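Peer 1:
4 protein chains.
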Amino acid sequence: MTSSAPTPTNPHHGNTTLGVAAIGYAFMGKAHSNAWRNVASFFDVPAFEQKVLVGRDPEQVAEAAARYGWAEYATDWRAVIARDDIHIVDICAPGWMHAEIAIAALEAGKHVLVEKPLANTLAEAEAMTEAARAARARGIQSMIGFNYRRVPALALARELITEGRLGTIRHVRAAYMQDWLSDAETPMTWRLRKETAGSGALGDIASHAIDQVLYLLGDTVTDVSGRLHTFVTERPGADGTEQVTVDDAAWATLTLASGAVASVEVSRMATGQKNSLQLEIYGDKGSLLFDLENLNELGFLDATLPVREQGFRRILVNEPEHPYAGAWWPQGHIIGWEHTFTHQIRDFLTAITTGTAPSPSFEEGLAVQKVLAAVEESANNKSTLTVVNY
Amino acid sequence: MTSSAPTPTNPHHGNTTLGVAAIGYAFMGKAHSNAWRNVASFFDVPAFEQKVLVGRDPEQVAEAAARYGWAEYATDWRAVIARDDIHIVDICAPGWMHAEIAIAALEAGKHVLVEKPLANTLAEAEAMTEAARAARARGIQSMIGFNYRRVPALALARELITEGRLGTIRHVRAAYMQDWLSDAETPMTWRLRKETAGSGALGDIASHAIDQVLYLLGDTVTDVSGRLHTFVTERPGADGTEQVTVDDAAWATLTLASGAVASVEVSRMATGQKNSLQLEIYGDKGSLLFDLENLNELGFLDATLPVREQGFRRILVNEPEHPYAGAWWPQGHIIGWEHTFTHQIRDFLTAITTGTAPSPSFEEGLAVQKVLAAVEESANNKSTLTVVNY
Amino acid sequence: MTSSAPTPTNPHHGNTTLGVAAIGYAFMGKAHSNAWRNVASFFDVPAFEQKVLVGRDPEQVAEAAARYGWAEYATDWRAVIARDDIHIVDICAPGWMHAEIAIAALEAGKHVLVEKPLANTLAEAEAMTEAARAARARGIQSMIGFNYRRVPALALARELITEGRLGTIRHVRAAYMQDWLSDAETPMTWRLRKETAGSGALGDIASHAIDQVLYLLGDTVTDVSGRLHTFVTERPGADGTEQVTVDDAAWATLTLASGAVASVEVSRMATGQKNSLQLEIYGDKGSLLFDLENLNELGFLDATLPVREQGFRRILVNEPEHPYAGAWWPQGHIIGWEHTFTHQIRDFLTAITTGTAPSPSFEEGLAVQKVLAAVEESANNKSTLTVVNY
Amino acid sequence: MTSSAPTPTNPHHGNTTLGVAAIGYAFMGKAHSNAWRNVASFFDVPAFEQKVLVGRDPEQVAEAAARYGWAEYATDWRAVIARDDIHIVDICAPGWMHAEIAIAALEAGKHVLVEKPLANTLAEAEAMTEAARAARARGIQSMIGFNYRRVPALALARELITEGRLGTIRHVRAAYMQDWLSDAETPMTWRLRKETAGSGALGDIASHAIDQVLYLLGDTVTDVSGRLHTFVTERPGADGTEQVTVDDAAWATLTLASGAVASVEVSRMATGQKNSLQLEIYGDKGSLLFDLENLNELGFLDATLPVREQGFRRILVNEPEHPYAGAWWPQGHIIGWEHTFTHQIRDFLTAITTGTAPSPSFEEGLAVQKVLAAVEESANNKSTLTVVNY
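Protein sequences appear in the order of chains A, B, C and D. Residue numbers 1 to 390, in full-length UniProt numbering, belong to the letters of the first sequence in order. Residue numbers 1 to 390, in full-length UniProt numbering, belong to the letters of the second sequence in order. Residue numbers 1 to 390, in full-length UniProt numbering, belong to the letters of the third sequence in order. Residue numbers 1 to 390, in full-length UniProt numbering, belong to the letters of the fourth sequence in order.
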């Protein structure tokens with residue numbers, strides 16, 4: 001007997017197959033496409049279809065659509081948003097395009113997933129948040145892509161904290177260390193110009209670190225002190241040496257409403273650190289350690305055990321008991337970085353079909369933006385102290 | 001402008017789109033399907049189609065086919081092999097079925113990928129190897145699925161060894177530690193009965209360890225001394241207590257033609273070790289360390305550097321310079337266990353289109369089987385020495 | 001034949017055996033005594049004698065003198081300093097006593113080793129530095145006990161940096177994490193009162209972190225931004241609840257004359273971190289990692305190697321080629337924390353006999369004090385930014 | 001007030017100050033001397049005196065005695081043993097001298113500590129054990145120097161196992177990896193000749209690994225299967241190339257009376273491993289990991305915790321709650337390799353004064369020797385299986 005494979009149905013949305021459009025096919029577009037292509041193979045999600053991939057260059061987007069599993073490609077995102085068979089818009093375009101697309105899509109009644117950061121300016125972020133709030137009232141969902149919330153180890157960290165296993169949290173450290181600008185001869189890109197990128201390491205990677213602090217602790221920031229620095233101020237450009245106008249590194253301390261204090265430190269010059277988002281969370285009953293370069297592991301110390309047997313445990317977060325992990329492979333068969341996007345799509349789809357607002361919301365994205373803006377303002381206003389006669 | 005995504009063509013096989021059938025939809029079927037579904041999104045491979053998934057239970061295989069991206073499902077593998085539109089047969093069925101299916105498929109002119117171990121008996125493995133040899137002469141390719149050869153870190157290890165960076169290799173350690181049988185109340189399964197599984201930890205995981213020794217060193221085994229042990233001899237079965245008739249753990253030392261000596265030690269009772277294939281390779285110019293639970297990393301010590309600065313390096317094998325890694329994500333964005341299968345499919349497809357025999361061949365699979373058989377024979381014949389009066 | 005063991009002579013000071021007095025027999029007194037007792041068994045040093053241990057409580061100091069290998073004990077440090085047979089005064093008393101003793105000893109013509117911090121106030125530290133400068137002109141040496149400069153791994157780090165192996169250093173991270181105040185019920189001590197301790201984590205452990213930054217980079221601080229925080233503001237005292245008047249944690253960023261930026265973060269509330277002085281130094285040609293809890297190891301990444309084989313090396317700093325290590329045990333036989341004091345005594349004695357000023361000098365101790373004071377001033381003046389409406 | 005430090009008294013032996021003689025001043029003599037010199041500074045032990053150091057070369061032993069804190073030196077061990085003021089004989093001479101000295105000392109009524117291995121031959125070891133048994137009946141104590149039993153982390157491991165925290169122990173791995181013979185040009189020494197050294201890696205380091213298996217599990221060996229190998233069979237000698245007549249590496253599996261199986265693997269050719277005694281002990285309720293290169297740490301997994309939070313903990317064994325650790329420094333201030341000898345002397349002295357037989361006894365040393373002999377016999381008799389046609 002040979003037969004066609006059955007089509008899964010969507011019990012929450014009737015028989016509608018959700019049509020998905022993605023905008024952008026570069027790094028993030030590749031990662032999101034991978035998630036759309038695979039999510040239904042591992043998780044029970046409503047029926048959907050990878051309808052159309054949108055991009056500016058027709059040849060390149062055609063090639064990307066074919067490669068990444070999209071049925072069609074398009075170059076005009078407005079036309080795509082207008083289509084009746086598109087229910088979900090996944091925005092992977094650069095930050096300066098987020099506001100326009102997201103607001104238009106929400107107003108057109110499309111569920112919207114947007115990559116972080118929410119926007120390049122606070123004003124845009126606030127407008128987007130307003131649009132999301134209005135859409136939500138009409139049953140239209142929106143979400144910002146802080147995908148690291150879907151690292152199983154960090155979801156487990158969140159569970160442990162929520163259950164009180166860390167007690168009162170006090171000292172928190174968040175660092176995100178990369179080295180791709182370590183070579184002073186690495187040429188200029190749009191990412192190093194303030195007008196296109198908004199900021200440097202701050203918006204790009206401190207945003208992840210700050211979101212983790214807020215997510216894991218379930219807390220809010222009350223005070224910020226920050227600093228920005230550009231180590232390599234000039235780089236080779238297309239037309240000769242060009243000025244770098246964003247930060248290479250950033251430092252901040254955040255006071256949280258709970259009384260905890262978090263340091264945030266990020267760098268693109270940390271030679272040898274490739275993609276190391278490090279988190280350390282110290283409470284009076286326990287502590288947690290994490291490093292994105294070993295994302296299948298969570299370090300946990302339970303300070304309520306007898307002192308004699310206390311120590312940081314390396315929990316390999318691959319058990320059926322762990323968040324998301326049961327859907328993949330048997331214990332000890334580790335997952336990769338891109339799986340966090342698959343989890344994100346799964347949760348986004350689930351939220352759409354159950355009609356519950358997904359998290360992180362645009363409001364949560366805006367909260368991170370506000371902290372970023374405060375770091376920048378603090379850095380600009382800082383009257384640092386000079387150590388004289390030394 | 002909105003258009004259909006273009007169909008990729010296969011420059012090596014003319015315009016033929018290769019039709020693929022997979023047999024088996026359990027653990028390995030899921031892993032192989034994932035690889036077929038994704039390989040073309042990351043690698044340049046010839047055009048192929050996931051035609052049909054084959055399994056015994058019509059309902060389950062239908063569900064699996066839909067979930068894993070196969071166009072059709074079927075229950076009769078013979079009928080599928082007979083189809084003209086099927087060019088590749090990927091065998092993920094249990095070991096005792098390998099020989100019959102593989103030989104039939106090869107004789108029908110299909111390229112065959114078969115999961116490890118090659119077969120449950122040496123006789124079957126030899127017959128398969130003979131069939132593969134004959135088929136190869138007719139341009140039909142075959143490959144055994146020792147997927148860990150496609151871990152980028154181990155492919156890099158192979159490169160370094162081949163280039164002589166380790167000098168003369170002497171002491172080699174290979175261990176594969178798991179713990180899923182650590183609980184004595186874990187019930188019987190077919191994997192614990194000799195008649196269905198052939199052997200226990202020996203065939204299941206020592207096979208991977210031994211293949212790595214042979215692959216990395218490019219060497220052959222001359223002498224074997226081995227030991228097998230079953231720690232928990234009875235387990236709860238469907239009809240009361242049942243005898244475990246395979247090994248829980250195995251130990252061996254292998255003498256290699258080069259003069260190196262490799263120890264192999266595997267266990268399903270190593271509480272806390274989930275999927276830890278550990279390799280240690282010591283040469284007079286350098287050494288390598290590896291652990292599958294951190295498969296993105298390779299430990300390398302270069303003993304030709306000044307002593308003052310020698311030490312094991314943790315190479316995060318995610319750079320464009322590393323095998324397979326450039327196809328995925330930027331540096332430091334780690335990949336998961338299942339990506340090794342994607343690399344395997346990529347190499348298999350490349351071999352088919354270039355007409356070069358892929359490795360590991362059935363001969364290489366047979367070589368591992370012979371070592372496994374020698375371990376078992378040695379274990380059975382061992383007259384261990386009794387330490388008296390102690 | 002049985003004979004008395006020969007007495008070693010001091011080739012640099014004629015036949016004078018240097019008489020040593022130590023002041024203080026608590027934690028630091030125990031560690032310094034251990035160093036004096038053992039240094040001559042491992043290193044070639046001039047002849048000296050552990051003459052007298054000085055303390056306030058006659059019974060306790062008598063017991064300590066016997067236990068730690070001192071020939072005599074005394075309670076009046078002034079009388080001891082006046083003795084002709086005392087050539088070296090080792091000050092292990094609390095910080096508020098440093099200035100008076102050190103200045104008196106230097107004026108009396110004694111070589112002085114003083115524990116860190118140099119003093120509790122900048123004014124005292126400056127007076128001590130002045131006294132040391134004057135004494136040095138008369139051939140009298142002085143040194144401050146930043147013993148971690150004598151960790152072999154950090155001495156090796158210094159060598160590598162000096163040789164240019166890290167290239168231009170930019171991003172530096174220094175943290176010192178402890179947890180002995182994590183329990184809010186831990187009672188008050190003099191260490192938690194500003195009037196006796198001067199400061200909390202800042203003076204106690206940030207001083208070590210800052211000294212390492214200055215030592216390893218051979219650099220000076222130009223600007224400081226800092227923050228202090230007390231997480232547990234009240235603790236049980238002898239007469240009921242008492243206010244904690246020093247910091248539990250401190251954060252700072254230091255701009256260095258070279259253009260590098262160093263963050264410093266210290267805590268006594270980092271549950272599970274026992275004595276973790278962590279250093280990360282990122283240059284454009286290489287990077288270093290260190291953790292005092294694994295003080296025999298140095299992490300080194302050489303960014304001038306081919307990318308394919310770059311990675312942080314774990315150098316086990318126990319080879320004859322490594323600083324200090326040859327005097328101890330064969331390779332891989334690790335040393336402990338207290339050995340750093342033995343190295344310190346060895347270098348101090350060597351400086352005395354060769355007539356060269358030892359490092360770190362009081363000037364170097366003063367430089368650290370100035371940075372600490374700047375952190376405190378910055379923390380007090382900080383107008384942090386409030387993130388509103390969030 | 002200045003006074004002489006008081007002399008401690010020995011409450012168990014009346015007012016007798018125990019006189020100690022050590023024989024041998026090379027590597028082990030240095031380590032033992034260090035322990036004698038320091039033990040009373042950290043532990044409460046009976047009064048004793050470092051009377052005399054014995055060696056063959058009068059000049060060298062004189063220098064060593066002065067350097068290591070011995071009051072006298074001597075060249076005739078028989079004369080020293082005959083002295084009334086000597087109560088303890090610490091034998092650090094080479095293995096072939098152990099039997100003669102130990103038996104003579106025991107018969108002379110001296111307490112004896114002897115370095116491992118107990119002797120170079122089983123016959124000598126048995127004679128020594130007999131002498132120790134007879135002496136013990138007369139209140140004379142004896143002990144063999146398996147100092148690694150006094151690593152705090154391993155003493156803690158023993159506690160946890162004794163308390164049943166690991167449940168039923170099954171799979172055990174013990175390896176001791178060094179690399180000091182990795183260079184084929186390293187010249188011949190007496191350690192590489194069977195007539196002087198007895199064996200190679202087997203007796204030197206497998207003895208430690210086997211003792212740990214027996215100690216930690218409190219178990220005995222019933223069956224042994226072993227293998228020996230010499231990778232570099234010729235080395236440069238004083239008079240040209242010379243044959244190496246001992247093993248470079250050894251492998252064994254030991255069946256234990258409890259039903260556990262332990263593998264033992266040792267090597268002097270493991271390039272990059274300096275002094276890595278690795279232990280892995282897997283029970284059905286928990287597991288332990290240890291590496292001598294990080295001897296302050298114990299890895300412990302508690303399999304009775306919820307699966308979600310299981311993981312190997314890094315216990316930093318430096319707390320007052322840990323064996324021996326309270327005597328040294330505050331938490332997190334790590335100790336070194338040589339401290340294990342200090343603990344050994346402390347326990348030996350305690351045993352003498354309390355009149356209880358110390359452990360490990362000569363019987364325990366003999367048990368290890370018997371296992372070593374069985375490994376050698378098994379290796380010689382082994383008929384390995386040839387894997388043909390491969």
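We put the CB at the ideal spot given by N, CA and C, even for glycine. In this text the structure is predicted, and so the values were computed from the model without any measurement.
Can the beta-carbon of D:Ala174 be found less than 7 Å from the beta-carbon of D:Val213?
Peer 2: Closer than 7 Å, so yes.
Peer 1: List, in chain order, every chain C residue whose beta-carbon is nearer than 9 Å to that of D:Gln60.
Peer 2: Those within 9 Å of D:Gln60 in chain C number zero; the least Cβ separation is about 12 Å.
Peer 1: Can you pull the chain D neighbours of B:Asp183, defined as C-beta to C-beta under 9 Å?
Peer 2: By Cβ distance, chain D contributes Asp284 and Ala303.
Peer 1: Indicate whether C:Ala250 and C:Leu228 have their beta-carbon atoms separated by less than 7 Å.
Peer 2: Cβ distance < 7 Å, so C:Ala250 and C:Leu228 count as in contact.
Peer 1: Straight-line CA distance for A:Trp71 to B:Trp36?
Peer 2: This sequence places Ala at residue 71 of chain A; Trp is not what is there. Computed Cα separation, rounded: 18 Å.
Peer 1: A:Gln60 lies in the beta strand (DSSP E); which residues open and close that run?
Peer 2: Where A:Gln60 is concerned, there is no enclosing beta strand (DSSP E), although the alpha helix (DSSP H) it sits in stretches over Pro58 to Tyr68.
Peer 1: Going straight from the alpha carbon of C:His339 to that of A:Gly283, what length do you get?
Peer 2: Distance between the alpha carbons of C:His339 and A:Gly283 is about 33 Å.
Peer 1: Per DSSP, which one or two residues make a beta bridge with A:Trp251?
Peer 2: Paired residue(s): A:Arg227 and A:Glu265.
Peer 1: Does chain A have any CB closer than 7 Å to the CB of C:Trp180?
Peer 2: So no, C:Trp180 is outside the interface.
Peer 1: I'd like to know if D:Ile205 contacts chain C, where contact means its C-beta is closer than 7 Å to some C-beta of that chain.
Peer 2: With 7 Å as the cut-off, D:Ile205 does not count as an interface residue toward chain C.
Peer 1: Flag D:Ile334 as yes if its beta-carbon sits less than 7 Å from any beta-carbon of chain C, otherwise no.
Peer 2: It does; some Cβ of chain C falls within 7 Å.
Peer 1: Mapping DSSP to helix, strand and coil, what is B:Thr2?
Peer 2: Confidence is the limiting factor: at B:Thr2 the pLDDT is only 49, short of 50, which leaves the residue's position unreliable and the question unanswerable from this model.
Peer 1: What residues in the stretch 270-295 of chain B have a beta carbon less than 7 Å from any beta carbon of chain D?
Peer 2: So the close ones are Ala270, Thr271, Gly272, Tyr282, Gly283, Asp284, Gly286 and Ser287.
Peer 1: Between the Cα of C:Glu364 and those of C:Phe231, C:Ala125 and C:Thr271, spot the shortest distance and give me the residue it belongs to.
Peer 2: Nearest of C:Phe231, C:Ala125 and C:Thr271 to C:Glu364, Cα basis: C:Ala125.
Peer 1: Using DSSP with H/G/I as helix, E/B as strand and the rest coil, what is D:Met143?
Peer 2: DSSP places D:Met143 in strand when its eight states are reduced to three.
Peer 1: Is the beta carbon of C:Pro46 sitting closer than 7 Å to the one on C:Thr356?
Peer 2: Not closer than 7 Å, so no.
Peer 1: Between the stretch 121-137 of chain D and the stretch 54-70 of chain D, do at least 3 Cβ pairs fall closer than 8 Å?
Peer 2: Segments in contact, no.
Peer 1: Could you tell me how far apart the beta carbons of D:Ala99 and D:Ala127 are, in whole angstroms, since I believe they sit closer than 8 Å?
Peer 2: With 8 Å as the limit, D:Ala99 and D:Ala127 qualify as a contact, their Cβ atoms being about 6 Å apart.
Peer 1: Where B:Ala66 and A:Ile210 are concerned, what is the direct C-alpha to C-alpha distance, given to the nearest angstrom?
Peer 2: Taking the straight line from one Cα to the other gives about 40 Å.
Peer 1: Less than 6 Å between C-beta atoms, sequence neighbours within five positions excluded: which residues of the same chain meet that for residue 391 of chain B?
Peer 2: The structure shown does not extend to residue 391 of chain B, since chain B is modelled only from 1 through 390, so no value can be given for it.
Peer 1: Looking at chain B, is there any beta carbon in it that lies within less than 7 Å of the beta carbon of D:Glu265?
Peer 2: Interface residue, yes.
Peer 1: Determine the chain B residues that contact D:Phe312 at a beta-carbon separation under 7 Å, and present them in chain order.
Peer 2: Chain B residues near D:Phe312: Gly272.
Peer 1: In chain B, which residues lie less than 7 Å from A:His339 when you measure between Cβ atoms?
Peer 2: Those are Gly336, listed as they occur along chain B.
Peer 1: Quick one: which unbroken beta strand (DSSP E) runs of 3-plus residues sit fully inside the stretch 293-337 of chain D? Chain order, please.
Peer 2: Listed in chain order, they are 297-302 and 312-316.
Peer 1: If we count the other Cβ atoms within 10 Å of its Cβ and call it buried at 16 or more, is A:Gly259 buried or exposed?
Peer 2: Exposed, because fewer than 16 other Cβ atoms sit within 10 Å of the Cβ of A:Gly259.
Peer 1: Hey, which unbroken runs of the alpha helix (DSSP H) at 4 residues or more fall wholly within the stretch 140-222 of chain A?
Peer 2: Correct list: 152-162, 194-197 and 207-217.
Peer 1: In its own chain, which residues sit with a C-beta less than 7 Å from the C-beta of A:Ser41, not counting the 5 before and 5 after it?
Peer 2: Counting only Cβ-Cβ distances below 7 Å, and skipping sequence neighbours, we find nothing.
Peer 1: Quick one: list the residues of chain D neighbouring A:Glu309, beta-carbon separation under 8 Å, in chain order.
Peer 2: Here the neighbours are Leu160, Phe300, Asp302, Arg313 and Ile315.
Peer 1: Taking only beta-carbon positions, decide if C:Thr241 is within less than 7 Å of chain A.
Peer 2: No, because no Cβ of chain A sits closer than 7 Å to the Cβ of C:Thr241.
Peer 1: In chain C, which residues lie less than 9 Å from A:Ala249 when you measure between Cβ atoms?
Peer 2: Neighbours of A:Ala249 on chain C, chain order: Arg170, His171 and Val261.
Peer 1: With 16 as the cutoff for other CB atoms within 10 Å, does C:Trp328 come out buried or exposed?
Peer 2: C:Trp328 is buried by the Cβ-count criterion.
Peer 1: Which residues, in chain order, does the stretch 40-53 of chain B contribute to contact with chain A at a C-beta distance below 9 Å?
Peer 2: From the stretch 40-53 of chain B, only Ala40, Ser41, Phe42, Val52 and Leu53 have a Cβ closer than 9 Å to chain A.
Peer 1: Kindly indicate if chain D contains any beta-carbon less than 7 Å away from that of C:Arg67.
Peer 2: Interface residue, yes.
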